[in-house]
Each structure stands twice: as structure tokens, then as C-alpha cells.
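Before any comments, here is the structure.
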Amino acid sequence: MPVTFCFINQQNQNVCTTGFPMGCYVTADGKPKDACVLDPHYRQPDSYYLFNHVDIQIEYRDMSTDPNFLEEQVGGRVIRIKVQPRSVKHESVNKMDCHRDAAPLAMKASDRDFSIIYSYSVVWVVRIHRIVSILSMCFISPCL
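Quick note on the working numbering: the sequence shown kicks off at 11 and runs consecutively.
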């Protein structure tokens, strides 16, 4: 199952793609490139922003109370995984700030020594509705 990265594009449309960016760059004249256009925090001229934090949202279906093709009604089924990568300037391993408004980690091309702390958060979201795929429909009725 591919992981999706969703964002609002410059035409104000919700777009989801597989995979996600590793970072972005703001030019010397302050023009954000690539994924830097998605967040106003990424504006320091001539700076690279490494996405060292990932917010992961796992949507799943609880199968314990839902009739399904399994013999026993236990467990769950992952429906979708969405990620939101971002740059976060953690003070230290013992003092990490993963809030949405945390300052980003801006790096200059001239920077030679720097430390990068990676982090992630996970949110589990139960989905009640059933999703029927085309494949399962083929088992119910003939596919054309």
C-alpha cells in the first residue's frame, strides 16, 4: 500500500501523491521552491529545509465488530496511510518540539557542521464505513 502525501496546491486544490519530498530550498532572493511553497515557515533566503519530522496518520477499519471474510472477527485492516513531512529545529534529543508551529531547521549551503535530529508522530484513525474494492466485487459478480 503506497503512502500518500496530501497538500493544497497553488490553485487551492487538494492533491495527493505517492511518496513525499525530503526537503526544499528558498532562493537567495527569497523565492520558495518545490515544497517550500506549502508552508509560510520556510522563507529564510538561501536556505535548505530538510524534512526531518514526519506526521503519520494511519486510517484503519476495526474488524472486531464488522462481519468480514475472516473466520473470526478480530483485528483490523489498514485503509490508508498519509504522511505530512516537515522541517523541525529540535533543541536536543532530550528537548524535542514537534508542534505544528515549531521553528523549522534552516540550513545554509555554507554550513559545514550541524546536527539533525529525526522524529515522527503517529495518529491512528478508525474508519467505520466499509470500502468495497473492485477486486472484491469480482468475487460477488462476474467482471466484464
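Here a beta-carbon is modelled for each residue, glycine too, at the ideal position from N, C-alpha and C.
ask   = Can we say the segment 92 to 108 touches the segment 126 to 138, given the rule of at least three CB pairs closer than 8 Å?
value = Note that the segment 92 to 108 touches the segment 126 to 138; at least 3 beta-carbon pairs, one per stretch, sit closer than 8 Å.
task = Report yes if the C-beta distance between Phe17 and Val93 is below 8 Å; otherwise report no.
result = By one-based count along the sequence shown, residue 17 stands at place 7. By one-based count along the sequence shown, residue 93 stands at place 83. No, Cβ-Cβ distance for Phe17 and Val93 is not below 8 Å.
request  = Rank Pro12, Phe15, Leu60, Gln23 by C-alpha distance to the C-alpha of Tyr35 and give the top, closest one.
outcome  = As a working mapping, residue 35 is identified with position 25 in the sequence shown. Of all alpha-carbon atoms in Pro12, Phe15, Leu60, Gln23, the one lying nearest the alpha-carbon of Tyr35 is that of Leu60.
query = From Ile66, Tyr58, Met106, pick the residue whose C-alpha is nearest to that of Asp121; which is it?
reply = Along the sequence shown, read from residue 1 onward, the residue named residue 121 stands at position 111. When each option's Cα is compared against that of Asp121, the closest is Tyr58.
task = Please work out which residues of its chain come closer than 8 Å, Cβ to Cβ, to Ala113, disregarding the five sequence neighbours upstream and downstream, and give them in chain order.
result = As a first step, residue 113 must be located in the sequence shown, where it is residue number 103. Here the set comprises His51, Val98, Lys99, Asp107.
task = Using only alpha-carbon positions, find the residue among Lys43, Val47, Gly33, Ile68 that is nearest to Gln20.
result = As a first step, residue 20 must be located in the sequence shown, where it is residue number 10. Measuring from the Cα of Gln20, the nearest candidate turns out to be Val47.
message = On the CB-based measure, 16 or more other CB atoms within 10 Å of its CB, does Asn62 come out buried or exposed?
response = The count along the sequence shown starts at 1 and reaches residue 62 at position 52. Burial call: buried.
inquiry  = Using CA atoms only, rank isn't needed, just tell me which of Ile138, Ser131, Val136, Lys105 is closest to Val64.
reply    = As a first step, residue 64 must be located in the sequence shown, where it is residue number 54. Cα-wise, what sits closest to Val64 is Ser131.
inquiry  = If you measure between the beta carbons of Ile91 and Val25, is that distance less than 8 Å?
reply    = On the sequence shown, position 81 is the one that residue 91 refers to. On the sequence shown, position 15 is the one that residue 25 refers to. The Cβ-Cβ distance between Ile91 and Val25 does not fall below 8 Å.
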